[in-house]
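From first to last, the protein sequence lines stand for chains A and B. Read in my numbering, the first sequence has 73 at position 73, and its numbers run on one by one without any break. Read in my numbering, the second sequence has 145 at position 31, and its numbers run on one by one without any break. Presented below is the structure to which this report refers.
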Amino acid sequence: AQSVTQPDIHITVSEGASLELRCNYSYGATPYLFWYVQSPGQGLQLLLKYFSGDTLVQGIKGFEAEFKRSQSSFNLRKPSVHWSDAAEYFCAVGKAFGYSTLTFGKGTMLLVSP
Amino acid sequence: DVKVTQSSRYLVKRTGEKVFLECVQDMDHENMFWYRQDPGLGLRLIYFSYDVKMKEKGDIPEGYSVSREKKERFSLILESASTNQTSMYLCASSSGTEDNEQFFGPGTRLTVL
Numbered sequence: 001a002q003s004v005t006q007p008d009i010h011i012t013v014s015e016g017a018s019l020e021l022r023c024n025y026s027y028g029a030t031p032y033l034f035w036y037v038q039s040p041g042q043g044l045q046l047l048l049k050y051f052s053g054d055t056l057v058q059g060i061k062g063f064e065a066e067f068k069r070s071q072s073s074f075n076l077r078k079p080s081v082h083w084s085d086a087a088e089y090f091c092a093v094g095k096a097f098g099y100s101t102l103t104f105g106k107g108t109m110l111l112v113s114p
Numbered sequence: 115d116v117k118v119t120q121s122s123r124y125l126v127k128r129t130g131e132k133v134f135l136e137c138v139q140d141m142d143h144e145n146m147f148w149y150r151q152d153p154g155l156g157l158r159l160i161y162f163s164y165d166v167k168m169k170e171k172g173d174i175p176e177g178y179s180v181s182r183e184k185k186e187r188f189s190l191i192l193e194s195a196s197t198n199q200t201s202m203y204l205c206a207s208s209s210g211t212e213d214n215e216q217f218f219g220p221g222t223r224l225t226v227l
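Right, here's the structure in full:
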């Protein structure tokens with residue numbers, strides 16, 4: 001069965017500091033991986049996605065993620081966090097093509113301190 | 115841009131009422147999904163649909179039903195609302211033919227009193 005683990009429920013980062021959010025997945029086939037962000041009271045917005053090619057993926061808002069097959073990980077990074085990045089972040093995995101649902105992690109809440 | 119809209123941002127209902135949550139997408143997507151989101155539990159899939167008039171149960175279908183009479187519209191129905199269905203409900207759609215990226219609506223926060 002497919003699953004996604006986000007080990008950190010909450011993370012607090014100082015504004016201007018670097019950020020790494022962890023995501024580990026379990027999937028039987030070639031995974032299609034996503035990171036979404038949710039601001040308070042809003043729906044989910046896609047930050048980036050990865051299926052194949054360069055294992056370092058660039059997304060919106062200065063975020064990037066690195067796919068490591070050997071570690072079954074897809075960690076999200078940002079070199080310098082802004083106060084507006086405070087939100088909840090979800091990692092998800094699914095099939096690349098054809099009919100597929102996505103399996104989401106339980107999310108990591110990012111708090112940004114001044 | 116893909117747009118997924120949900121009929122209400124906030125809804126307050128009483129126990130036992132029949133509740134309809136509506137979702138509309140404008141990109142001719144094949145697939146549509148309903149999730150509920152609760153603190154500490156993430157997103158849990160209630161129902162999904164791969165085509166008009168087709169529906170599949172997700173992980174937590176109990177107490178819910180769905181309707182998809184037209185390709186662009188996917189409704190979630192609470193036949194008899196209960197307090198434990200107080201939650202944030204998110205609708206999403208995906209192309210399914212080329213890419214399984216899901217596009218989300220803004221959500222409906224439902225409170226059942």
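Where a beta carbon is used, it is the ideal one built from N, C-alpha and C, also for glycine.
Short-range partners of chain B found in the stretch 28-43 of chain A, where Cβ spacing is below 8 Å: TYR32, PHE34, TYR36, GLY41, GLN42, GLY43
Closest by C-alpha distance to B/MET141, when choosing among B/LEU227, B/THR211, B/THR222: The sequence position of residue 141 of chain B within the second sequence is 27, counting from 1. The candidate whose alpha carbon is nearest that of B/MET141 is B/THR211.
Span of the beta strand (DSSP E) around A/PRO31: To locate residue 31 of chain A, count along the first sequence from 1; it is residue 31. Looking at the DSSP string, the run of the beta strand (DSSP E) that includes A/PRO31 is 31-38.
Proximity of A/GLN58 and A/GLU64 at Cβ, strictly below 8 Å: The residue labelled residue 58 of chain A in the question sits at position 58 within the first sequence. The residue labelled residue 64 of chain A in the question sits at position 64 within the first sequence. Yes. Within cutoff.
Three-pair Cβ contact test at 8 Å for the stretch 130-138 of chain B versus the stretch 183-198 of chain B: yes
Neighbour flag for B/PHE162 against chain A, beta carbons, 8 Å: Taking the first residue of the second sequence as position 1, residue 162 of chain B is located at position 48. True, the Cβ-Cβ gap to chain A drops below 8 Å.
Partner residues on chain B for A/THR101, Cβ-Cβ distance less than 8 Å: Counted from its first residue, the first sequence places residue 101 of chain A at position 101. Within chain B, the residues near A/THR101 are PHE147, LEU159, PHE162, GLY172.
Same chain only: Cβ atoms within 7 Å of A/LYS95, ignoring 5 sequence neighbours per side: Translated into the one-based positions of the first sequence, residue 95 of chain A becomes position 95. Result list for A/LYS95: ALA29, TYR32, in chain order.
Burial state of B/ARG123 (16 or more Cβ within 10 Å): Residue mapping note: residue 123 of chain B aligns to position 9 of the second sequence, counting from 1. Answer is exposed; the Cβ neighbour count stays below 16.
Of the listed residues A/SER113, A/VAL112, A/LEU111, A/TYR89, nearest to A/PHE104 (C-alpha basis): As a working note, residue 104 of chain A is residue 104 in the first sequence. The shortest Cα separation from A/PHE104 among A/SER113, A/VAL112, A/LEU111, A/TYR89 belongs to A/TYR89.
Test: B/GLN216 CB closer than 8 Å to a CB of chain A: Mapped onto the second sequence, residue 216 of chain B falls at position 102. True, the Cβ-Cβ gap to chain A drops below 8 Å.
Three-state secondary structure assigned by DSSP to B/ILE174: Indexing the second sequence from 1 puts residue 174 of chain B at position 60. In the structure shown, B/ILE174 sits in coil (DSSP, three-state: anything other than H, G, I, E or B).
Listed by chain order, chain A residues near B/LEU204 by CB distance under 8 Å: As a first step, residue 204 of chain B is located in the second sequence; it is residue number 90 there, counting from the start. Simply GLY43, LEU44.
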